[in-house]
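> Got a structure here, written out as structure tokens. Questions coming.
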Amino acid sequence: MGTNPGKINEDYISRGLQRKSESYFLGASNFTYRRFRNDSGIFQNKRINLMQIIKKLLDSENTISKLKDQNSHVLQITSKKLVDRLSEYGLSLPKEERRFPASIDNIFLPDFVRGFIEASAGFSVYSPGFGISFNKQFLQEMHNYLADKLKLDEKDVEEDRIEYKFYDAQKIKNLIYRNFSKLKKQGICLPEIKEKFDAMVLPPAKEKKISISTKNAQENVAEILRLIIEGKPYRPFIDEHFSFPFGAYRNIKAYTGLSLKQIKRAAGWKTPYRRETEEKMNTYRNILAENEKESLRNFLAKHGYAKNRNLLSRHVRAVFGCGINKLKRKIRKGKSI
């Protein structure tokens, strides 16, 4: 099992992470690593390429061994200093007691998540998405981070497993593989795992899922989808062609396999009020950039912001994600908004 105590970089992991590669390593280690003895530890995973990354990051001279009866690969390290440092990050705990880290800087968390997912995720050819089996508390804390970061649906992890379907999986992919070419060059990702994300496609809706299976019902659903995709109001059409809105929502689900909320999210649909607000805020930003005081006064008066600064503040925050003063500072510094 590679017990030879070959050379290794004992100082690879620092107190207070300094590099993306360290965070990636810790993410992968939460799933693959266990302390073996006082001065040694073992990394074990079925993905040989991940084990090669871990070996390279640690500058380890030890050999990666294959466990014939478990379809997995093992790398053993011997270094009390490194093993103790990993323990400071909770890796001496049994896997069922490990927790999603609260101390890692937000800038490094996507790398941690990528390392953990690449070590743990399982993919199915029958369902577009992926699943992870690990301890319930860790998975819940990781999901809470992803839900807040990516606006995923909230969910409670019932057992020691979590699954992400197509749309949530694609959002996670975009987060963890941002600047993919750079990550690949640095050797802190598995391209074959990204390929599994890229290969995900939504299966066609099954014929038997269509509830009322009439041509009119299908045509009505198709028209609702067209209005949503084109960003037009769809509720008047529903009110005209359905006795109750629930009937439309039920047919949409039956015909497409997706809820109305999922379809709107995928299409980037916005209410007319939201589009109007974005247009006004873009005008406001341009006026600030041009520093036209008279135009600014006219704009604020025209749209009621002069008498209601709180409304202006809410609209700025909703569109740009920051307050008015911060928006002005960004404009002065020439930052993209």
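Residue numbers (our numbering): 412 to 748.
Note that the Cβ used here is the ideal one computed from N, Cα and C, for glycine as well.
(1) Would you mind reading off the limits of the alpha helix (DSSP H) that contains residue 695?
(2) Under 8 Å by Cβ, that's how I've got residue 726 and residue 691 pegged, so tell me the actual separation to the nearest angstrom.
(3) Alpha carbon to alpha carbon, how far is residue 477 from residue 468?
(4) Mind checking residue 522: buried by the 16 CB within 10 Å criterion, or exposed?
(5) May I ask which residues mark the beginning and end of the beta strand (DSSP E) holding residue 574?
(6) Scan the stretch 528-597 and note each continuous alpha helix (DSSP H) run of 4 residues or more that stays entirely inside, going in chain order.
(7) Are residue 658 and residue 464 closer than 8 Å when you measure CB to CB?
(8) Ignore the nearest five residues each way along the sequence and tell me which others in residue 640's own chain have a CB closer than 6 Å to its CB.
(9) State the DSSP-derived secondary structure class of residue 517, mapped to helix, strand or coil.
(10) How many Å lie between residue 457 and residue 494 at the Cα?
(11) Under a three-way DSSP split, which group does residue 431 fall into?
(12) Residues in the same chain with beta-carbon distance under 8 Å from residue 650, minus the five sequence neighbours each way, listed in chain order, please.
(13) Could you say if the stretch 516-534 and the stretch 421-441 meet the contact criterion of at least three C-beta pairs nearer than 8 Å?
(14) Do residue 460 and residue 594 have their beta-carbon atoms positioned less than 8 Å apart in this structure?
(15) Beta-carbon within less than 6 Å of residue 560's beta-carbon, same chain only, minus the 5 sequence neighbours each way: which residues are those?
(16) With distances taken Cα to Cα, identify the nearest neighbour of residue 427 among 633, 487, 497 and 576.
(17) Report yes or no: do the stretch 530-538 and the stretch 503-520 share at least 3 C-beta pairs separated by less than 8 Å?
(18) Applying the criterion that 16 or more other CB atoms from any shown protein chain within 10 Å of the CB defines a buried residue, is residue 424 buried or exposed?
(19) Please name the residue, chosen from 611, 736, 571 and 645, that lies closest to residue 584 on a Cα-to-Cα basis.
(20) Below 8 Å between beta carbons: does that hold for residue 502 and residue 440?
Quick answer:
(1) As a working note, residue 695 is residue 284 in the sequence shown. Taken as a continuous stretch (DSSP letters only), the alpha helix (DSSP H) holding residue 695 covers 683-701.
(2) One-based indexing of the sequence shown puts residue 726 at position 315. One-based indexing of the sequence shown puts residue 691 at position 280. In this structure residue 726 is in contact with residue 691, their Cβ atoms being roughly 7 Å apart against a cut-off of 8 Å.
(3) As a first step, residue 477 must be located in the sequence shown, where it is residue number 66. As a first step, residue 468 must be located in the sequence shown, where it is residue number 57. Each residue's alpha carbon lies about 20 Å from the other.
(4) To locate residue 522, count along the sequence shown from 1; it is residue 111. So residue 522 ends up on the buried side.
(5) Position 163 of the sequence shown, counted from the start, is the residue given in the question as residue 574. Here the beta strand (DSSP E) through residue 574 covers 572-576.
(6) Unbroken alpha helix (DSSP H) runs of no fewer than 4 residues, entirely contained in the stretch 528-597, are found at 547-561, 577-587 and 591-597, following chain order.
(7) Numbered from its first residue, the sequence shown carries residue 658 at position 247. Numbered from its first residue, the sequence shown carries residue 464 at position 53. Going by C-beta atoms, residue 658 is not nearer than 8 Å to residue 464.
(8) Position 229 of the sequence shown, counted from the first residue, corresponds to residue 640. For residue 640, where only same-chain residues beyond five positions count, the Cβ hits under 6 Å are 678.
(9) For this step, residue 517 is matched to residue 106 along the sequence shown. Annotated three-state conformation of residue 517 is helix, per DSSP.
(10) On the sequence shown, residue 457 is found 46 positions in, with the first residue counted as 1. On the sequence shown, residue 494 is found 83 positions in, with the first residue counted as 1. Their backbone Cα atoms lie some 22 Å apart in a straight line.
(11) Mapped onto the sequence shown, residue 431 falls at position 20. Looking at residue 431 - three-state DSSP - the assignment turns out to be helix.
(12) The residue you call residue 650 lines up with position 239 of the sequence shown. Only 656 meet the Cβ criterion.
(13) Cβ pair count under 8 Å is three or more, so yes.
(14) Indexing the sequence shown from 1 puts residue 594 at position 183. Indexing the sequence shown from 1 puts residue 460 at position 49. No; because the gap between Cβ atoms is not below 8 Å, this pair is not in contact.
(15) As a working note, residue 560 is residue 149 in the sequence shown. Contacts found: none.
(16) Along the sequence shown, one-based indexing puts residue 427 at 16. Among 633, 487, 497 and 576, the Cα nearest to that of residue 427 is on 497.
(17) No contact exists between the stretch 530-538 and the stretch 503-520.
(18) Taking the first residue of the sequence shown as 1, we reach residue 424 at position 13. The C-beta of residue 424 has 16 or more other C-beta atoms within 10 Å across all chains shown, which makes the residue buried.
(19) As a position in the sequence shown, residue 584 is number 173, starting the count at 1. Residue 611 is the option with its Cα nearest to residue 584.
(20) The residue labelled residue 502 in the question sits at position 91 within the sequence shown. The residue labelled residue 440 in the question sits at position 29 within the sequence shown. For residue 502 and residue 440, yes; Cβs fall inside 8 Å.
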